[in-house]
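In case it helps, the working numbering puts the sequence shown at residues 7 to 350. For each residue, glycine too, the CB sits at the ideal point set by N, CA and C. Below is one structure, written out as structure tokens; comments come after it.
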Amino acid sequence: MILQHNYPLKPHNTFALDVFAEQFVSISSEEELREVFRSEQGARPVFVLGGGSNVLFTQNVQGLVCKIALTGIRIVRETAETLDVECAAGEGWDDVVRTAVQQNWGGIENLSLIPGSIGAAPVQNIGAYGVELKDVLVSVQGMMRDTGEMRTLTQEECKFGYRDSIFKRDLRNKFVITSVMMRLRKNPTANNLHTSYGAIREELTKLFPETPHESYTVHHVSEAVRSIRRSKLPDPAVLGNAGSFFKNPEVSRNVYERLHAEHPAMPVFVLDSGKVKIPAAWLIEQTGWKGRKDGDAGMHAQQALVLVNYGNATGQDLVRLSERVRADVFAKFALQLETEVNIV
Ligand code: EPU
Numbered sequence: 007m008i009l010q011h012n013y014p015l016k017p018h019n020t021f022a023l024d025v026f027a028e029q030f031v032s033i034s035s036e037e038e039l040r041e042v043f044r045s046e047q048g049a050r051p052v053f054v055l056g057g058g059s060n061v062l063f064t065q066n067v068q069g070l071v072c073k074i075a076l077t078g079i080r081i082v083r084e085t086a087e088t089l090d091v092e093c094a095a096g097e098g099w100d101d102v103v104r105t106a107v108q109q110n111w112g113g114i115e116n117l118s119l120i121p122g123s124i125g126a127a128p129v130q131n132i133g134a135y136g137v138e139l140k141d142v143l144v145s146v147q148g149m150m151r152d153t154g155e156m157r158t159l160t161q162e163e164c165k166f167g168y169r170d171s172i173f174k175r176d177l178r179n180k181f182v183i184t185s186v187m188m189r190l191r192k193n194p195t196a197n198n199l200h201t202s203y204g205a206i207r208e209e210l211t212k213l214f215p216e217t218p219h220e221s222y223t224v225h226h227v228s229e230a231v232r233s234i235r236r237s238k239l240p241d242p243a244v245l246g247n248a249g250s251f252f253k254n255p256e257v258s259r260n261v262y263e264r265l266h267a268e269h270p271a272m273p274v275f276v277l278d279s280g281k282v283k284i285p286a287a288w289l290i291e292q293t294g295w296k297g298r299k300d301g302d303a304g305m306h307a308q309q310a311l312v313l314v315n316y317g318n319a320t321g322q323d324l325v326r327l328s329e330r331v332r333a334d335v336f337a338k339f340a341l342q343l344e345t346e347v348n349i350v
């Protein structure tokens, strides 16, 4: 375990913010992780970093940044129809999706091309195109920071919600995820695929005009999702960003009625709970922020919900811009946008 000092975090955050960690260590075993927390006890703050795709650094990080680099993917259980696959927290989320698609394992193809690590995925219950991680997750394993004890949480114990989990709440800063177990379907048929969300069907027809719908596989769906994402979302390797910056607000029926009366064209999604989800991208677009910049900070031209670092914006520039966007949305709609990204 090599402790490094004044370590550049630019390659470790997808906003490409030029900040430094006072100390940095890359962890590749459970024992090393336990060692870090044993020495932590009050001595220095420890910041646990995954793929750095959901964090906005506003300053250099005091204390120790601990990069989770645990690797390994293994099949733990198998039935005639399913596989329980355990993935270590340091694996890249999309690398696991690619492996699953190559093997024709079904369940996570709609979550193709989401940046970040396996360990970060349960924290915000990643979701896209009608599927959320919680739909395939069996359990999460990790370490209690205070005792070094390993704990396994069942899907239910993770208390998943929309971009939400126990890891953002009761277990925040108390627990480090070391692996995730997912139940994937062996040889899924076209009936098992989720293709009804948004533009997936259109994209499938466009990309695979010769393929009949009943012959679609996880490969086809994954390619369609990749193609849609590439057309709207900036590639963090090219343009600094962390995907959706805010959550889509979920409002009561009453609030919806008020907004709908004032803005009949507002797109909405009615949830099973009876609440109504309003696309934050639409709200932001209505305030004129889509594609607008201030210096090197701006909202993306193809997807208004994505805050972008066009080059040399600082974390503070990005936060300031996001506050202006939030204030304008509030002024126009009386709705408070909540950030999805972790501001440090
Ligand atoms: N829209 C606009 N203007 C825009 C973009 C979108 O008005 O610039 C409206 C359209 O009406 C569109 C609707 O917003 O139908 C929804 O847009 P989109 O399908 O692009 O999805 P989103 O709600 O903005 C969410 C997730 C994404 C995920 C997509 C696809 C959140 C916060 N974000 O975005 O996740 O990829 O759905 O399922 O829920 C992420 O979390 O980082 C992320 C990218």
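- If the five residues before and after Gly113 are omitted, its C-beta is found closer than 6 Å to the C-beta atoms of Val142, Leu190 and Arg191, all from its own chain and listed in chain order.
- Counting C-beta atoms within 10 angstroms of its own C-beta, Met7 has fewer than 16 neighbours from the protein chains shown and is therefore classed as exposed.
- By DSSP's assignment, Cys164 forms no beta bridge with any residue.
- Nearest C-alpha to Phe30 among Thr153, Val52 and Glu37: Val52.
- By DSSP's assignment, Asp170 forms a beta bridge with Gly167.
- The segment 233-253 and the segment 55-64 touch, with no fewer than 3 CB-CB distances between them shorter than 8 Å.
- The C-alpha of Val257 is placed about 13 Å away from the C-alpha of Asp278.
- Remark: C-beta atoms of Leu39 and Met150 do not approach each other more closely than 8 Å.
- Between the alpha carbons of Gln308 and Gly297 lies a gap of roughly 7 Å.
- Looking at the backbone, the Cα of Thr184 and that of Ser233 are separated by about 31 Å.
- Looking only at Gly304, Gln109, Gly78 and Val103, the smallest Cα-Cα distance to Gly96 is reached by Gly78.
- Relative to the ligand EPU, the beta carbon of Gln309 is positioned inside 7 Å of a heavy atom.
- Of the candidates Gln108, Ala49 and Ser221, Ser221 places its Cα closest to the Cα of Ala196.
- Straight-line spacing of the CA atoms in Ser45 and Tyr135 works out to 42 Å.
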